[in-house]
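A.B. asks: Protein sequence lines correspond, in order, to chains L and X. For the first sequence, position 144 matches number 144 in the working numbering, and the numbering has no gaps at all. For the second sequence, position 7 matches number 274 in the working numbering, and the numbering has no gaps at all. My questions all concern the structure below.
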Amino acid sequence: MLAWLTDPFASPIVQRALAEVLILSLACGPLGVWVLLYRDAYAAESMSHGMLPGLVIAALAGAPLVLGALGGVLVAAAGIALVARDARLSTDVGVAVCVSALLGLGGILALSPASPPRLQELLFGDLLGVSGGDLVVAGALAGGVVLALAAAHRSLALVGFDRGSAAALGARPGRWELTLLAVLGVTTVAAVQGLGNLLLVALVLAPAAGALAMTRRLAPAMALAAGLAAVSGAAGLVLSFHLEIAAGASVALCACVLAGLSLARPH
Amino acid sequence: MIRVEDLGGGYVPGRDALRDVRFTAEPGQIVGVLGPNGGGKTTLFRALLGELPIRRGEIELPGRPAYVPQTERARLDFPVSAFDVVLMGAYARTSWYRRVARADRAAAHAALERVGLGEEAGTTFGALSGGQRQRVLIARALLQDAPVLLLDEPLSGVDGVSAARIEAVFAELRGEGRTLLVATHDVRQAGEWDRVLCLHGRQIEFGPPAAVLSPETLRETYGAELIVLEGGSRAVGIGHHQH
């Protein structure tokens, strides 16, 4: 039994994949708690999907995917902000229109004859293809995210708990709502290499949903979410090794199963 | 001392939510702020907090006011205890990389004791009753240690025990020389305080309750929305909240 669990990690490829998901868990778990409390789940989903054109262009140009992801997130955010400025439309409409357009554009680019056959990798990630350099980049980005969340913790709590009195207690709501979205953008960029732009949201939202179902305190919820994300990551890699299925997808499925179990747990 | 001179303003250009407000309130005074829903009570508080998008006139304050919102504005599903909420009153003076100071933590416990909720420090905020939640938000304002407190309908819809405890705390704060502005719909209650400010899009009247609380002033304040109960001792405003 023990060997069944440890065998997969004998290979350096799986070791690097494990390091990648553990690093991402530290950022995605706590961030997910804020995203859910701020009811930003739709924005999280959209931001990661909307960057597909950026990823494809980076792949076509042979540039690092992280750069493409960064450009893609910025364009998606700017597009959403632009459409949302029209008072006749709600923000949801702006997000839906922009993201579908960007996903379509990404699809056209990716399916053109000139593009390298890497679309799958962009959509679903390539956890087992993570290099040492990728780990360093993910570590730096995730470290930045954790530091930013620590620095913003109290202000985010003030605004999230009671938006109307936050300013009187020292936190401007608009500034911190934007900060959370920016941190979400950075996390998205950090996670896309490993989990792909369709699956990375699972590691942000699912462990947080599970953690919030289990505890009614902020800091424990964040620690628990990071823990659940890490367990999903390790479990997903073990399953993908033995069942010979895609690593990123098994990690995402494990995270969702764990969240489902904690939500279904009797109170 | 609070001094307000020719205050006006609102949320969108060209449409004042409130105008012609001028009054002064001394330390140790409780000012009851009366008016119909949408009459400008919350707008006045936003202006005093420096959060009104469009503002004219002059405001003089002895320091940053503490604000107690209506309890239903706070999120009930937020994962915080009563103690966590009170501690938020100390966030503005705590660096992000430091723990909240031991003195502030002790003060937060003391503030909860003061509103009669010392036993409930560990209870999740959303699991408390409406009156208890209101008292927690008042304890949070106590921790801010502000010379001026702005309270938005703190006595609306709270149970008798909570209302009595809240009024006792008001009396203590008055004794400490703090100034309280309390938005309320309860004319009888405002009649027991030091000053009354009547608003209906503009200032209708300001002064000691005996001089201000006449049937004419109340009719002008609440307009057609006024229902007078109990032989003129209580008035209820009906209307839609609008900004």
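Glycine included, each C-beta is placed from N, C-alpha and C at the ideal position. Given the structure is predicted, the values throughout are model-derived calculations rather than measurements.
Look up X/Leu447 in the DSSP assignment and give the residues it is bridged to.
C.D. replies: DSSP output for X/Leu447 lists X/Ile297, X/Leu416 as bridge partner(s).
A.B. asks: For L/Val136, count neighbouring C-beta atoms within 10 Å of its own C-beta (all shown protein chains included) and say buried if the count is 16 or more, exposed if not.
C.D. replies: Label assigned to L/Val136: exposed.
A.B. asks: Based on Cα-Cα distance, which residue from X/Leu485, X/Tyr358, X/Gly302 lies nearest to X/Gln411?
C.D. replies: Answer by Cα proximity: X/Tyr358.
A.B. asks: For chain X, check one thing: does any of its Cβ atoms lie closer than 8 Å to the Cβ of L/Gly174?
C.D. replies: No - not a single Cβ of chain X is within 8 Å of the one on L/Gly174.
A.B. asks: In chain order, what residues of the same chain have a beta carbon less than 7 Å from the beta carbon of X/Ser429, not counting five sequence neighbours either side?
C.D. replies: Closer than 7 Å at the Cβ level, and outside the excluded window around X/Ser429, lie Gly398, Gln399, Gln401, Arg402.
A.B. asks: Do L/Ala259 and L/Gly210 have their beta-carbon atoms positioned less than 8 Å apart in this structure?
C.D. replies: Cβ distance < 8 Å, so L/Gly210 and L/Ala259 count as in contact.
A.B. asks: Against X/Glu318, what residues of chain L qualify as contacts under a CB-to-CB distance less than 7 Å, listed in chain order?
C.D. replies: Chain L residues near X/Glu318: Ala167.
A.B. asks: Run down chain L in chain order and give the residues with a C-beta less than 7 Å from the C-beta of X/Phe345.
C.D. replies: By Cβ distance, chain L contributes Leu37, Gly160, Phe161.
A.B. asks: Mind listing the chain X neighbours of L/Gly328? Cutoff is C-beta to C-beta under 9 Å, in chain order.
C.D. replies: Examination of residue 328 of chain L is not possible in this model, given that chain L is present from 1 through 267 alone.
A.B. asks: Quick check: is the beta carbon of L/Leu263 nearer than 8 Å to any beta carbon in chain X?
C.D. replies: For L/Leu263, the answer is no, since every Cβ of chain X falls outside 8 Å of its Cβ.
A.B. asks: Please state whether DSSP places X/Ile433 in a helix, a strand or coil.
C.D. replies: Here X/Ile433 sits in helix by DSSP.
A.B. asks: Which stretch, first to last residue, makes up the beta strand (DSSP E) that contains X/Phe290?
C.D. replies: Looking at the DSSP string, the run of the beta strand (DSSP E) that includes X/Phe290 is 285 to 292.
A.B. asks: Quick check on X/Glu327: buried or exposed, where buried means 16 or more other Cβ atoms within 10 Å of its Cβ?
C.D. replies: Its Cβ having fewer than 16 others within 10 Å, X/Glu327 is exposed.
A.B. asks: With distances taken Cα to Cα, identify the nearest neighbour of L/Ala151 among L/Ala3, L/Gly50, L/Thr179.
C.D. replies: Answer by Cα proximity: L/Thr179.
A.B. asks: What is the C-beta distance between L/Pro53 and L/Leu109, in whole angstroms, given that I count them as a contact (C-beta under 8 Å)?
C.D. replies: So it is a contact: roughly 6 Å between Cβ atoms.
A.B. asks: Using the beta-carbon count (16 or more within 10 Å), is X/His467 buried or exposed?
C.D. replies: With 16 or more other Cβ atoms within 10 Å, it is buried.
A.B. asks: How many angstroms separate the CA atom of L/Leu26 from the CA atom of L/Ala235?
C.D. replies: So the alpha carbons of these two residues sit roughly 16 Å apart.
A.B. asks: Starting from L/Asp162, trace the alpha helix (DSSP H) in both directions and tell me its first and last residue.
C.D. replies: Note, L/Asp162: premise wrong, no alpha helix (DSSP H); not H, not E.
A.B. asks: Would you kindly check if the distance between the Cβ of X/Phe312 and the Cβ of X/Leu417 is under 8 Å?
C.D. replies: Yes, the Cβ-Cβ distance between X/Leu417 and X/Phe312 is below 8 Å.
A.B. asks: Taking CB distances under 8 Å as the criterion, tell me whether X/Ser348 reaches chain L.
C.D. replies: Yes, X/Ser348 counts as interfacial toward chain L.
A.B. asks: Whose C-alpha, out of L/Gly94, L/Gly107, L/Arg217, L/Leu184, is nearest the C-alpha of L/Ala41?
C.D. replies: Nearest C-alpha to L/Ala41: L/Leu184.
A.B. asks: Between the Cα of X/Gly278 and the Cα atoms of X/Leu319, X/Asn304, X/Arg369, which residue gives the shortest distance?
C.D. replies: The sequence as given places Tyr at residue 278 of chain X; Gly does not occur at that position. It is X/Leu319 whose Cα lies nearest to the Cα of X/Tyr278.
A.B. asks: Anything in chain L within Cβ reach of X/Gly356, meaning under 8 Å, just list it in chain order.
C.D. replies: What X/Gly356 touches in chain L: Leu169.
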